[in-house]
Amino acid sequence: MNFDKKTYNNAFWMMSEKIISILGLFFVTSFVAKYVGPSVFGEISLAIAIFQVVQIIAQMGGDNILFKRISENELSGVTLMKASTLLRGGAYFFLSICVVSYFYFFVEGNAFYYILAVSIAYFFSAIDVALIYNNAMLISKLNTIANVIGLFFGLLIRYVIAYLELNPLYLSVPIVLTTLIPFIIRLIIFERKKNNIFPDGYSININKMKKYSKYMFLAGVGIVAASISVAVYSRVNQFTLGAVDGTASVGVYSVALTLSTSWGFVSQALITSFYSKIYSTDDRLISLEMAAKLNQLVFFISLAFISLIVIFGQFVLTVLYGDEYSSAYIPMVILCIGSMLSSLGTVSYRYIIKLSGYYFLSRKMFLLLIISLPLSYFSILYYGIIGASVSFVIVELLSLTVMNYFFSNGVIWKMHKMSFAKWRVS
1 MNFDKKTYNN AFWMMSEKII SILGLFFVTS FVAKYVGPSV FGEISLAIAI FQVVQIIAQM
61 GGDNILFKRI SENELSGVTL MKASTLLRGG AYFFLSICVV SYFYFFVEGN AFYYILAVSI
121 AYFFSAIDVA LIYNNAMLIS KLNTIANVIG LFFGLLIRYV IAYLELNPLY LSVPIVLTTL
181 IPFIIRLIIF ERKKNNIFPD GYSININKMK KYSKYMFLAG VGIVAASISV AVYSRVNQFT
241 LGAVDGTASV GVYSVALTLS TSWGFVSQAL ITSFYSKIYS TDDRLISLEM AAKLNQLVFF
301 ISLAFISLIV IFGQFVLTVL YGDEYSSAYI PMVILCIGSM LSSLGTVSYR YIIKLSGYYF
361 LSRKMFLLLI ISLPLSYFSI LYYGIIGASV SFVIVELLSL TVMNYFFSNG VIWKMHKMSF
421 AKWRVS
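Here's what the structure looks like:
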C-alpha cells in the first residue's frame with residue numbers, strides 16, 4: 001500500500017515545474033492582463049478554452065490509455081505511442097482547420113490572430129506523446145526541464161512586449177513558443193532513448209501500426225465521449241459568459257479561475273505519479289487502498305491551499321492584476337471549492353480507467369454535460385460571474401459523488417469511505 005521513493009521524487013519534479021510555471025504566469029500574465037485590459041485578455045482566454053476542447057477531442061481519450069499501457073508494459077506502450085501520434089495529429093489538424101475557418105469569417109478585430117496562434121500552440125501539445133511517456137516512467141524531471149526552458153522564453157518575450165508597450169498582436173509569438181520549444185526538446189530526448197527500449201530485431205512496421213492504431217481508435221471510442229463532455233462542461237461557463245456578459249466578464253472569470261486552480265499542480269503531480277504505481281498493481285484491494293490513501297492526501301492538501309487563498313486572495317488579486325479585477329475575489333473563493341472537488345474527482349476518474357470503465361465514463365460525462373448547459377446559462381443569466389462559479393461547484397460535486405457511485409457496485413463509494421475510515425472495507 002506504500003508508495004516508493006521514486007514515486008515521491010517524480011511527484012516532486014512535477015511540482016517543481018508547476019511552481020515555476022505558476023510563479024511565472026502570475027507575474028508576467030498578470031502584467032499582460034493589466035496592459036491589454038479585460039476585453040483583450042478575455043479574447044485570449046476564450047481562444048485558449050476553445051482549443052483546449054479541440055485538443056481533448058483529437059486525443060480521443062488517448063492520454064489515459066497510453067499512460068496505463070506504458071505503466072504496465074513499456075515496449076507495448078511505446079509502440080502504441082507511435083501509432084497514436086498520426087491519429088492525434090490528423091484529427092487535431094482537421095478539427096482546428098474547421099474552427100479557424102469559422103472564426104475567420106465570424107469574429108471581429110484582433111481575436112482571430114489569437115485564435116490562430118493558440119491553434120498552432122495546441123497542435124504541438126496534442127501530439128506531444130513523449131510527455132506522457134516521461135510521466136508514466138516516473139522521469140518527469142525531463143518534462144520539467146523542457147517546460148521550464150519553453151516557459152522562460154515564452155514569458156520573457158511576453159514581458160518585453162508588455163514592457164515596451166508593443167502591439168498586443170505580438171503576444172501570438174510567445175503563445176506558440178511556450179509549447180513548441182518543450183515539444184522539440186522532449187522529442188529529441190525520446191528519439192535518443194528509443195533505441196534502448198526496442199530489443200534487437202524489433203521494428204514498428206505497417207501491420208503493427210494498423211493493429212495498434214485500430215486498438216487506440218476502438219479503445220478511445222469508449223472514452224472519447226467522456227473526454228469531449230469534460231472538455232465542454234468544464235469550460236461551458238467561459239463560453240456562456242462570453243455570450244451573455246461579454247469578453248470582459250470572461251477575462252475576470254479567467255483570472256479567478258487561474259488563481260483558484262493555481263495550487264492544483266500539487267495534487268495533480270501526486271495523482272499522476274502515484275497512479276503509475278496503482279496501474280501496475282494487480283491486486284484490486286491493494287490498488288483500492290492506495291487510491292483511498294491518495295484521495296485522503298489530496299483532500300487535506302486542498303483544504304490547506306483553500307485556507308491560504310481565502311486569507312491572502314484579495315491581496316494577491318490587487319497586487320498582481322489591479323483594481324479592474326477586484327471583483328474576481330468572491331468567484332475565486334467559490335471556484336477553490338470546485339477545484340478541490342475536481343482534484344478528488346481525478347482520483348476516482350483514474351481508478352475507473354484502471355477498471356476499464358470507459359463506457360461508464362462516457363455516459364456519465366454526457367449526462368453531466370446535459371446538466372451543466374442549462375445550469376450554467378441560467379446561473380450566469382441571473383447571477384453573472386458568481387452564478388458561473390456556483391454552477392461549476394455543483395457540477396463537480398455531482399461528478400465526484402452521486403454519478404460515480406453507480407460504477408462497479410459502488411467501488412468509488414468504498415474508496416471514499418476508506419479515505420476517512422479504516423483502510424480495508426469489505
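Numbering (my numbering), first residue to last: 1 to 426. Quick reminder that beta carbons are idealized off the backbone N, C-alpha and C, glycines included. Owing to the predicted nature of the structure, the values given are computational and were not obtained by experimental measurement.
How far does the alpha helix (DSSP H) with D63 in it reach, from first residue to last?
Along the sequence shown, one-based indexing puts residue 63 at 63. That run of the alpha helix (DSSP H) goes 62–72.
Y351 and L361 - do their beta-carbons sit closer together than 9 Å?
Position 361 of the sequence shown, counting from 1, holds the residue named residue 361. Position 351 of the sequence shown, counting from 1, holds the residue named residue 351. Cβ distance not < 9 Å, so L361 and Y351 don't count as in contact.
List the whole-angstrom C-beta distance separating G345 from S399, where the pair is believed to meet the contact cut-off of C-beta under 8 Å.
Reading the sequence shown from its first residue, position 345 is the one you call residue 345. Reading the sequence shown from its first residue, position 399 is the one you call residue 399. The pair is a contact, with the Cβ atoms about 5 Å apart (cut-off 8 Å).
Can you tell me whether K293 is buried or exposed, with buried defined as 16 or more other CB within 10 angstroms of its CB?
Mapped onto the sequence shown, residue 293 falls at position 293. Per the 10 Å Cβ criterion, buried.
Give the single residue among V333, F124, I286 whose Cα lies nearest to the Cα of R186.
Numbered from 1 along the sequence shown, position 186 holds the residue referred to as residue 186. R186 has its Cα closest to that of F124, out of V333, F124, I286.
Return helix, strand or coil for V107, following the three-state DSSP convention.
The count along the sequence shown starts at 1 and reaches residue 107 at position 107. Correct three-state label for V107: coil.
Let me confirm a value: E289 is counted as buried when at least 16 other C-beta atoms fall within 10 Å, else exposed. Which label applies?
Numbered from its first residue, the sequence shown carries residue 289 at position 289. Looking at its Cβ environment, which holds 16 or more other Cβ atoms inside 10 Å, E289 is buried.
Are A256 and P331 close, meaning C-beta to C-beta below 9 Å?
Mapped onto the sequence shown, residue 256 falls at position 256. Mapped onto the sequence shown, residue 331 falls at position 331. Yes, the pair counts as a contact, with Cβ atoms nearer than the cut-off.
Using 8 Å for Cβ pairs, my map puts L368 next to M340. What's the rounded Cβ distance?
Here residue 368 refers to the residue found at position 368 of the sequence shown. Here residue 340 refers to the residue found at position 340 of the sequence shown. No, L368 and M340 are not in contact; Cβ-Cβ is about 17 Å, not under 8 Å.
Find the nearest neighbour of L180 within the set S203, I149, Y159, judged by alpha-carbon distance.
Counted from its first residue, the sequence shown places residue 180 at position 180. Among S203, I149, Y159, the Cα nearest to that of L180 is on I149.
Considering Cα atoms alone, identify which of N409, Y321, V236, S260 is closest to G37.
Here residue 37 refers to the residue found at position 37 when the sequence shown is read from its first residue. Of the candidates N409, Y321, V236, S260, the one whose C-alpha sits nearest the C-alpha of G37 is Y321.
Mapping DSSP to helix, strand and coil, what is P429?
The structure shown does not extend to residue 429, since the chain is modelled only from 1 to 426, so the question has no answer here.
Do Y104 and Q428 come within 9 Å of each other at the CB atom, strictly closer than that value?
Summary: the structure shown does not reach residue 428, with the chain confined to residues 1 through 426, and so no result is reported for it.
Helix, strand or coil: which one does DSSP assign to E165?
Indexing the sequence shown from 1 puts residue 165 at position 165. Three-state DSSP puts E165 in coil, outside helix and strand.
Give the DSSP-derived three-state secondary structure of D323 in the structure shown.
Taking the sequence shown and counting its residues from 1, the one referred to as residue 323 is at position 323. Three-state DSSP puts D323 in a helix.
Output the boundary residues of the alpha helix (DSSP H) element that contains L270.
Locating residue 270 in the sequence shown gives position 270, where the first residue counts as 1. Its alpha helix (DSSP H) spans residues 264–279.
The alpha helix (DSSP H) spanning R363 covers which residue range?
By one-based count along the sequence shown, residue 363 stands at place 363. Looking at the DSSP string, the run of the alpha helix (DSSP H) that includes R363 is 358–400.
Which word fits E191, buried or exposed, when buried means at least 16 other C-beta atoms lie within 10 angstroms of its C-beta?
Along the sequence shown, read from residue 1 onward, the residue named residue 191 stands at position 191. So E191 ends up on the exposed side.
At a cut-off of 8 Å, is S172 close to the ligand SAH when judged by its beta-carbon and the heavy atoms of the ligand?
Among the components of this structure there are no ligands whatsoever, and the ligand SAH is therefore not found.
Going by alpha carbons, who is nearest to L303 out of V316, V266, Y329, D323?
Here residue 303 refers to the residue found at position 303 of the sequence shown. Of V316, V266, Y329, D323, the residue nearest in Cα terms is V266.
Decide yes or no for the touch test of the region 148–165 against the region 96–115: beta carbon pairs closer than 8 Å, at least 3 of them.
They do not touch, by the three-pair rule.
Report back the beta-carbon spacing between S327 and T318 to the nearest angstrom; my notes put them in contact at under 8 Å.
Counted from its first residue, the sequence shown places residue 327 at position 327. Counted from its first residue, the sequence shown places residue 318 at position 318. That belief does not hold up - the Cβ atoms of S327 and T318 are roughly 12 Å apart, past 8 Å.
What's the call for G410, buried or exposed, on a 16-neighbour Cβ count within 10 Å?
As a working note, residue 410 is residue 410 in the sequence shown. The residue is exposed, with fewer than 16 neighbouring Cβ atoms inside 10 Å.
Would you report the Cα separation of T240 and I380, rounded to the nearest angstrom?
Taking the sequence shown and counting its residues from 1, one reaches residue 240 at position 240. Taking the sequence shown and counting its residues from 1, one reaches residue 380 at position 380. Computed Cα separation, rounded: 7 Å.
Quick one: what does DSSP say G89 is sitting in, helix, strand or coil?
Along the sequence shown, read from residue 1 onward, the residue named residue 89 stands at position 89. Helix at G89.
Among M14, Y382, S372, A162, which one has its Cα closest to the Cα of V393?
Mapped onto the sequence shown, residue 393 falls at position 393. Out of M14, Y382, S372, A162, S372 has the C-alpha closest to the C-alpha of V393.
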